[in-house]
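A.B. asks: Next up is a structure, given as structure tokens.
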Amino acid sequence: MALDHASRRTFAIISHPDAGKTTLTEKLLLAGGAIRLAGAVRTRGDQRRARSDWMKIEQDRGISVTSSVMTFDYDGHTCNLLDTPGHEDFSEDTYRTLTAVDSAIMVIDAAKGIESQTRKLFEVCRLRDIPIITFVNKVDREGRDGFELLDEIQEMLALDVSPMIWPIGMGSDFYGCYDLRDGSFSRASRRGGHFDETLKVPSPEKLGEMADVPDHIVTASSEAIELAQAGYAPFDQASFLEGHLTPVIFGSALNEFSVQPLLDLIIGHAPSPRPSPAEPREVKPDEDKVTGFIFKVQANMDKNHRDRVAFMRVCSGHFKRGMKLKQVRTSKDILVHSPIFFLAQDREIAEDAQAGDVIGIPNHGTVRVGDTFTEGEALRFTGLPAFAPEALRRVRLGDMTRVKQMRAALEDLAEEGLIQVFQPEVGSQWIVGVVGVLQLDVLASRAKQEYGVTLEFEASPYEMARWVTSEDAAALATFRERNRLAMATDRDGSYVFLAKGSWELDYAAKTYEDIRFLRTKELQ
Ligand code: G4P
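In structure tokens form, the structure reads like this:
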């Protein structure tokens, strides 16, 4: 592993389902020398599915529900690629994974442009000013006009675009990709095949004589390239790092066009670990002492053990196996004697980690999403919110003798961030909240497979949940008293108001001016 944090690149790929995220992940690992054979990402996925039945949902729906981390070395750098779930339902897990990266690759299908999920994920990146590289995929197929796509990115996402690699023809007329920066032309030695050679072509007009591209394509491409260079912003590193400009690469993940240049761009221009927002002070990656935060917890990764793995992004310092770290929320020291390092390649077991790396901490449920770990300082990393759920359901248990297991299932899966659980102040039926309804299927399926309980969901009379707080304790007490039937607590004991609809929420907000109704809650 590369030694210092400056050589870390921690990034995620965001895309709409089917745009090519899995294929690109695989090809990046291949280009980075992390795997030897294409197909490994899928194989790994299949093995995972075979191991845990709940992942059948992934298979049935053709989606990827879990997220993981893949670490590999390339060109003297250590790349940490964090996988984000690609399904349509936006989950908190996805959001939190993006809090742990320093940059992102946005994959767009050349035939489709910006799709709904890409846009949602992009908005999350923008909230944190995460620099984005755009990869327009599948240029080997008939797609939309390159300029139309550039303009769409520019307008819909309000970003400057800087084209770097341009396709020479598309679909059946696809001849290769031309690098606007240095005139290198990548092509397949066999038409329609995988990329396998790069020629230096000093200007696009020479593509005909030097690379056998037919005249009409040369003419059209030369004009397009001139326009692409003149009509859009030149690449500006500062603007890219601030999240205002995105370099755009046209390519084909499947046929490996522009994959290597993408990896080179990440190494050359994507940021090394950035300072992390925390209270009472920001944490810089080059500080000596180890700090980190938990952005994800996964229960039951191994069915034979009830253990969980907490994923910690290291924010500063040099972590070593066997270190003692303080869990700031509980002020307890935790000995991290068997951290998990996520290597994409079978190599020697890693013993240490730097800022930007992710380690897995096995635990029995003591570590939570949002937890900060330090070598003693009372710090708290911020920006890891819980979101008010968009769907609420009452939970009914098929077999009343399994209440204990149901509790365990709901509590564990709430800890993972899959669902939120609310306990009404009156009555005993739990209410679960999810950001996307697909999560209910995942919950039911996992409760069955991993805890042996059959859960059923009933419509709840409530549609919305808001955390309620007030500077005025008496006002909060009065509010709770008057709305007892609509009050609940979350698993931290925070008060939650359940409303039957937006009219009721508006009414409550008008009637009780001293109460704040919060849509997000910062995790403690
Ligand atoms: P996702 O993770 O974003 O959902 O997308 P994934 O990589 O699974 O790709 C979705 C489909 O698009 C796959 O086809 C894949 O082979 C295809 N694809 C990805 N990149 C390219 C490309 O550059 N060019 C072309 N022509 N196709 C591409 P599939 O038929 O759904 O799956 P498979 O049977 O090929 O595995």
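If you count the sequence shown from 1, position 367 lands on 502 in the numbering used here, and the numbers rise without skipping. Glycine included, each C-beta is placed from N, C-alpha and C at the ideal position.
Per DSSP, what kind of secondary structure is Met205 in: helix, strand or coil?
C.D. replies: The residue you call residue 205 lines up with position 70 of the sequence shown. Met205: strand per DSSP, three-state reduction.
A.B. asks: What three-state label does DSSP hand Leu578 in the structure shown?
C.D. replies: The residue labelled residue 578 in the question sits at position 443 within the sequence shown. Helix, per DSSP.
A.B. asks: What three-state label does DSSP hand Met305 in the structure shown?
C.D. replies: Position 170 of the sequence shown, counted from the start, is the residue given in the question as residue 305. Met305 falls in the coil class under three-state DSSP.
A.B. asks: For the ligand G4P, any of its heavy atoms closer than 6 Å to the Cβ of Gly571?
C.D. replies: By one-based count along the sequence shown, residue 571 stands at place 436. Flag unset: Cβ of Gly571 not near the ligand G4P.
A.B. asks: Taking the DSSP output, what are the residues bridged to Ala634?
C.D. replies: Residue mapping note: residue 634 aligns to position 499 of the sequence shown, counting from 1. In the DSSP output, where bridge partners are listed per residue, Ala634 has Met599.
A.B. asks: Should Asp153 be counted as a contact of the ligand G4P given a C-beta to heavy atom distance under 6 Å?
C.D. replies: Reading the sequence shown from its first residue, position 18 is the one you call residue 153. Under cutoff, so the answer is yes.
A.B. asks: Here's the rule: buried if 16 or more other CB atoms are within 10 angstroms of the residue's CB, otherwise exposed. What is Leu262?
C.D. replies: In the sequence shown, residue 262 corresponds to position 127, counting from 1. Of the other Cβ atoms in all chains shown, fewer than 16 fall within 10 Å of the Cβ of Leu262; this residue is therefore exposed.
A.B. asks: Are there three or more Cβ pairs, one per stretch, closer than 8 Å when the segment 272-292 is compared with the segment 331-350?
C.D. replies: no
A.B. asks: What residue range is occupied by the uninterrupted alpha helix (DSSP H) comprising Gln489?
C.D. replies: As a working note, residue 489 is residue 354 in the sequence shown. Careful: Gln489 lies outside any alpha helix (DSSP H), inside the beta strand (DSSP E) at 487-489.
A.B. asks: Considering just the uninterrupted stretch of the alpha helix (DSSP H) at Met291, what are its terminal residues?
C.D. replies: As a position in the sequence shown, residue 291 is number 156, starting the count at 1. Element bounds for Met291: 281-292.
A.B. asks: Reducing DSSP to helix, strand and coil, say where Phe146 ends up.
C.D. replies: For the purposes of this step, residue 146 is taken as the residue at position 11 of the sequence shown. The answer is strand: DSSP assigns Phe146 an E or B state.
A.B. asks: Can the beta-carbon of His140 be found closer than 7 Å to that of Pro408?
C.D. replies: The count along the sequence shown starts at 1 and reaches residue 140 at position 5. The count along the sequence shown starts at 1 and reaches residue 408 at position 273. Yes; because the gap between Cβ atoms is below 7 Å, this pair is in contact.
A.B. asks: Tell me, to the nearest whole angstrom, how far the beta carbon of Leu217 is from that of Thr145; I am working on the premise that it is less than 8 Å.
C.D. replies: Counting from one through the sequence shown, the residue named residue 217 turns up at place 82. Counting from one through the sequence shown, the residue named residue 145 turns up at place 10. At roughly 7 Å, the Cβ-Cβ gap stays under 8 Å, so Leu217 and Thr145 are in contact.
A.B. asks: How would you label Val200, buried or exposed, when you count the other beta carbons within 10 angstroms and need 16 or more for buried?
C.D. replies: The residue you call residue 200 lines up with position 65 of the sequence shown. Its pLDDT being 35, under 50, Val200 is placed unreliably in this model, and the coordinates cannot settle the point.
A.B. asks: DSSP on Thr333, reduced to helix/strand/coil?
C.D. replies: As a position in the sequence shown, residue 333 is number 198, starting the count at 1. Three-state result, Thr333: strand.
A.B. asks: Checking the sheet assignment: what are the DSSP bridge partners for Met241?
C.D. replies: Within the sequence shown, numbered from 1, the residue matching residue 241 stands at position 106. According to DSSP, residue pairing for Met241 in a beta bridge involves Ile149, Thr269.
A.B. asks: Is it true that the CB of Gly427 sits closer than 7 Å to the CB of Phe477?
C.D. replies: As a first step, residue 477 is located in the sequence shown; it is residue number 342 there, counting from the start. As a first step, residue 427 is located in the sequence shown; it is residue number 292 there, counting from the start. Contact flag unset, no.
A.B. asks: Going by the CB atoms, is the gap between Phe446 and Lys431 shorter than 7 Å?
C.D. replies: Taking the first residue of the sequence shown as position 1, residue 431 is located at position 296. Taking the first residue of the sequence shown as position 1, residue 446 is located at position 311. A contact, by the Cβ cut-off of 7 Å.
A.B. asks: Kindly give me the distance between the Cβ atoms of Glu227 and Ala521, rounded to whole angstroms, as I take these residues to be in contact under 8 Å.
C.D. replies: As a position in the sequence shown, residue 227 is number 92, starting the count at 1. As a position in the sequence shown, residue 521 is number 386, starting the count at 1. So it is a contact: roughly 7 Å between Cβ atoms.
A.B. asks: Could you have a look at Tyr367 and say whether DSSP puts it in helix, strand or coil?
C.D. replies: Translated into positions along the sequence shown, residue 367 becomes position 232. Tyr367: coil per DSSP, three-state reduction.
A.B. asks: Please indicate yes or no: does the CB of Lys273 lie closer than 6 Å to some heavy atom of the ligand G4P?
C.D. replies: What you label residue 273 is simply residue 138 of the sequence shown in a count that begins at 1. Yes, the Cβ of Lys273 comes within 6 Å of a heavy atom of the ligand G4P.
A.B. asks: Between Ala549 and the ligand G4P, is the CB less than 6 Å from at least one heavy atom?
C.D. replies: Position 414 of the sequence shown, counted from the start, is the residue given in the question as residue 549. No; taking the cut-off as 6 Å, the Cβ of Ala549 has no heavy atom of the ligand G4P nearer than that.
A.B. asks: Rounded to the nearest angstrom, what separates Phe454 and Val504 at their Cα positions?
C.D. replies: The sequence position of residue 454 within the sequence shown is 319, counting from 1. The sequence position of residue 504 within the sequence shown is 369, counting from 1. Each residue's CA atom was taken as its position, placing Phe454 and Val504 some 19 Å apart.
A.B. asks: Buried or exposed for Ala147, please, with buried defined as at least 16 other CB atoms from any protein chain shown within 10 angstroms of its CB.
C.D. replies: Walking along the sequence shown from the start, residue 147 turns up at place 12. Buried.
A.B. asks: Tell me which same chain residues have a C-beta within less than 7 Å of the C-beta of Gly167, skipping the five on either side of it?
C.D. replies: In the sequence shown, residue 167 corresponds to position 32, counting from 1. Cβ within range, chain order: Phe207, Tyr209, Cys214, Leu398.
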